[in-house]
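Following the working numbering, the numbering of the sequence shown begins with 166 at its first residue and continues without gaps.
Just so it is clear, CB atoms sit at the ideal spot from N, CA and C, and this is done for glycine as well.
All of these numbers come straight from a predicted model, not from anything done at the bench.
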Amino acid sequence: ERYDPQTRTWRAGPSLPIALHHATAVTYHGEVVIIGGATGNTVYCIDGANRPTHQGPIATVEALDFR
166 ERYDPQTRTW RAGPSLPIAL HHATAVTYHG EVVIIGGATG NTVYCIDGAN RPTHQGPIAT
226 VEALDFR
């Protein structure tokens with residue numbers, strides 16, 4: 166799900182290809198970038214139009230439990 170702070174509402178987002186936990190999500194250049202987690206160093210990107218995810222470049226450092 167994606168949260169819109171202006172309207173204070175949640176909306177459905179695209180599904181990721183695998184389940185993640187302990188991952189970190191940030192916005193970067195208009196995309197939501199989901200990094201790492203306990204499942205590895207994969208990077209997934211979702212563009213601002215809420216299109217399906219695409220895999221980004223592999224993280225060069227392990228991002229497990231990134232805070």
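Which residues DSSP lists as bridging residue i, in chain order
i: Ala190; result: Ile199
i: Thr207; result: In the DSSP output, where bridge partners are listed per residue, Thr207 has none listed.
Close Cβ partners of residue i (< 7 Å) along its chain, the five nearest in sequence each way excluded
i: Ala177; result: Glu166
i: Gly221; result: Val198, Val208, Tyr209, Cys210
As assigned by DSSP and simplified to three states, the class of residue i
i: Gln220; result: strand
i: Thr174; result: strand
i: Ile183; result: coil
Near the ligand COA: residue i beta-carbon under 7 Å from a heavy atom
i: Ile183; result: No copy of the ligand COA occurs in the structure displayed, which carries no ligand at all.
Residues of its chain near residue i, where Cβ-Cβ distance is below 8 Å and the 5 sequence neighbours each way are ignored
i: Glu196; result: Cys210, Ile211, Asp212, Gly213
Own chain partners of residue i with C-beta closer than 6 Å, once the 5 adjacent residues on each side are dropped
i: Val241; result: With the chain covering only 166 through 232, there is no way to say anything about residue 241.
i: Trp175; result: Glu166, Tyr168
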